[in-house]
Amino acid sequence: KGQAASKFIADMRTAGLSYRRTDMLSDWRSINELESKKDLFKYVRKDYYPTEKIVAQVEWDLDKEFMYVVNIRKRTSPDAPITERNVNIQSDTPMTPRMVEQAVTEKWSDPWKYQAEIIEEIIPFIAVHRSGIWQQ
């Protein structure tokens, strides 16, 4: 929205939704980074790795070093309308868009979770890299 971090923190405190200022500023930086690089990953060639200009650097405590957000368009039956769902794929190594799509397809092969869902389209659109702040 073009709002300054201090104004955001003040508004959150007024609403009773604040937490430690250092953590709020860290989250503010991560969200701004994420928003500025949103949708860039979907324009990377399927067999290329994303560059640092495309990958958002965040200070979140992720389980693995990289996370990819994928939009999945799916149906529950051939005549049902298409619905959308976002899925996070985490990895310790960088991945190409094709590798991310393959990981989603493998995840979707679990018959207990996704047996009634037919994938129509897989769109990887955000690539995230965990910065070194949370690493121990």
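In our numbering, the protein residues as written are 46 to 181.
Backbone N, C-alpha and C fix where the C-beta goes; we use that ideal spot for every residue, glycine too.
All of these numbers come straight from a predicted model, not from anything done at the bench.
8 Å or more divides the Cβ of residue 111 from the Cβ of residue 169.
For residue 152, the closest C-alpha among the options 108, 66, 115 and 97 is that of 115. Residue 111: not part of any alpha helix (DSSP H); member of the beta strand (DSSP E) spanning 111-120, first to last residue. Using a Cβ-Cβ distance cut-off of 8 Å, the stretch 60-72 and the stretch 136-144 are not in contact, since fewer than three pairs of beta carbons, one from each stretch, lie closer than that value. Between residue 165 and residue 130 the beta-carbon gap is near 11 Å, outside 8 Å, which marks them as no contact. Assignment of residue 176 by DSSP, reduced to helix, strand and coil, places it in the coil class.
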